[in-house]
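Engineer: Residue numbers (this note's numbering), protein chains in the order written: chain Z, 534 to 711; chain U, 632 to 750. Cβ coordinates follow ideal geometry from the N, Cα and C atoms, glycine included. Fair warning: this is a prediction, and the values are worked out from it, not measured in the lab.
Have a look at this one:
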């Protein structure tokens with residue numbers, strides 16, 4: 534089953550998505566997409582690692598080139614998050630650049646083929662107007678297009694508001710035995 | 632699709648969420664689309680001296696109105712931008728109060744917040 538979890542900063546989307554992953558049967562993988570650039574990134578990664586400790590997730594790192602990822606075993610995956618993955622593909626000199634939309638869509642399909650269940654976390658970045666410097670609006674447009682495609686493809690789509698999931702499609706997944 | 636006489640549908644949602652696409656499903660006739668569908672009503676709120684009167688006029692003139700939510704994120708330091716996004720939010724409230732149906736489109740998916748969508 535494919536579930537898309539979206540939320541603003543500090544909305545509780547990560548904790549909710551991790552709760553969904555914890556309920557999945559079989560091997561559980563946490564797919565981390567953040568490229569560690571500086572001390573702030575490191576602290577953020579540490580905080581998330583501490584939150585995940587003891588939940589029985591295996592962490593895989595994939596800051597870009599999702600299509601090249603091979604899961605060690607078929608299992609459930611939490612991809613956190615789409616925003617970082619897209620930014621890395623779009624702006625890293627080794628990333629997909631102008632072909633980011635296609636590359637990420639294809640990467641998600643290839644990942645999903647290897648999964649029993651896939652949970653993707655995305656950021657709600659689209660309620661702050663359009664007055665941004667440089668390439669930001671183009672980035673938002675790209676990310677929004679990906680959100681709409683993923684939402685169309687997903688079985689369940691929710692926005693997490695103050696820790697509460699609001700479902701726009703499907704419902705909170707109930708995972709059966711493998 | 633028959634929207635019913637004088638029925639008004641407000642479509643709200645974040646930027647690039649698929650609001651315009653959804654408005655086309657409610658009013659499929661391209662020839663009369665512009666006469667019956669108001670896109671991006673939030674842009675009309677800026678510098679508007681009388682928002683309730685604007686909301687009255689839009690609700691009387693159009694069957695479908697779309698409005699982008701722009702009130703999230705950091706409060707702008709520029710007073711004009713600050714006033715514009717506040718006015719956009721207020722217009723949204725005024726239109727929702729006048730609308731028979733309010734739909735929020737999120738990632739291309741509609742969620743009915745008030746009333747019902749026409750069959």
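Check whether the Cβ atoms of residue 730(U) and residue 672(U) lie closer than 8 angstroms to each other.
Structural biologist: No, they are not a contact pair.
Engineer: Hey, residue 615(Z) and residue 670(Z): beta-carbon distance below 8 angstroms or not?
Structural biologist: Not in contact: residue 615(Z) and residue 670(Z) (Cβ atoms no closer than 8 angstroms).
Engineer: Report yes or no: do the segment 689 to 703 of chain U and the segment 642 to 651 of chain U share at least 3 C-beta pairs separated by less than 8 angstroms?
Structural biologist: Result yes; three or more Cβ-Cβ pairs closer than 8 angstroms.
Engineer: In chain Z, what lies closer than 7 angstroms to residue 748(U) by C-beta?
Structural biologist: None at all; the shortest Cβ gap to chain Z is about 14 angstroms.
Engineer: Helix, strand or coil: how does DSSP classify residue 650(Z) here?
Structural biologist: Three-state DSSP puts residue 650(Z) in a strand.
Engineer: Can residue 651(Z) and residue 535(Z) be called in contact, C-beta distance under 8 angstroms?
Structural biologist: Taking 8 angstroms as the Cβ cut-off, residue 651(Z) and residue 535(Z) qualify as a contacting pair.
Engineer: Give me the Cα-Cα distance between residue 653(U) and residue 572(Z), rounded to the nearest whole angstrom.
Structural biologist: Going from the Cα of residue 653(U) to the Cα of residue 572(Z) covers about 43 angstroms.
Engineer: Need the endpoints of the alpha helix (DSSP H) that residue 615(Z) sits in, please.
Structural biologist: Unbroken alpha helix (DSSP H) run through residue 615(Z): 615 to 624.
Engineer: Taking 8 angstroms as the threshold (beta carbon to beta carbon), is residue 638(Z) in contact with chain U?
Structural biologist: No, residue 638(Z) does not count as interfacial toward chain U.
Engineer: Helix, strand or coil: which one does DSSP assign to residue 738(U)?
Structural biologist: Residue 738(U): coil per DSSP, three-state reduction.
Engineer: Residue 591(Z) by DSSP, collapsed to three states: which one?
Structural biologist: Strand.
Engineer: Name, please, each residue of chain U whose Cβ falls closer than 8 angstroms to the Cβ of residue 674(Z).
Structural biologist: Under the 8 angstroms cutoff, chain U gives 647.
Engineer: For the beta strand (DSSP E) that residue 561(Z) lies in, which residues bound it at each end?
Structural biologist: Segment 561 to 565, the beta strand (DSSP E) holding residue 561(Z).
Engineer: Select from 687(U), 657(U), 667(U) and 683(U) the residue whose C-alpha is nearest the C-alpha of residue 750(U).
Structural biologist: Per the Cα distances, 657(U).
Engineer: Report buried or exposed for residue 680(Z), applying the criterion of at least 16 other Cβ atoms within 10 angstroms of its Cβ.
Structural biologist: Result: buried.
Engineer: If we call anything under 8 angstroms between Cβ atoms a contact, is residue 734(U) one with residue 744(U)?
Structural biologist: Cβ distance < 8 angstroms, so residue 734(U) and residue 744(U) count as in contact.
Engineer: Out of curiosity, what's the CA-to-CA distance linking residue 701(U) and residue 722(U)?
Structural biologist: Roughly 12 angstroms separates the two Cα atoms.
Engineer: Given residue 720(U), which residues of its chain have a CB within under 6 angstroms of its CB, disregarding the five upstream and five downstream residues?
Structural biologist: Around residue 720(U): 702.
Engineer: Output the distance between the C-alpha atoms of residue 600(Z) and residue 699(Z), rounded to the nearest integer angstrom.
Structural biologist: Each residue's Cα considered, the two are about 30 angstroms apart.
Engineer: At 7 angstroms on the CB atoms, spell out the chain U contacts of residue 685(Z), in chain order.
Structural biologist: Those within 7 angstroms of residue 685(Z) in chain U are 739.
Engineer: Tell me the rounded alpha-carbon separation between residue 575(Z) and residue 539(Z).
Structural biologist: Distance between the alpha carbons of residue 575(Z) and residue 539(Z): 23 angstroms.
Engineer: Closest to residue 664(Z) by CA distance: which of 706(U), 739(U), 724(U) and 655(U) is it?
Structural biologist: Residue 706(U) is the option with its Cα nearest to residue 664(Z).
Engineer: Considering only residues of the same chain and omitting the five flanking positions on each side of residue 682(U), which have a CB-CB separation below 7 angstroms?
Structural biologist: Excluding sequence neighbours, residue 682(U) sits near 676, 718, 721, 722 and 725.
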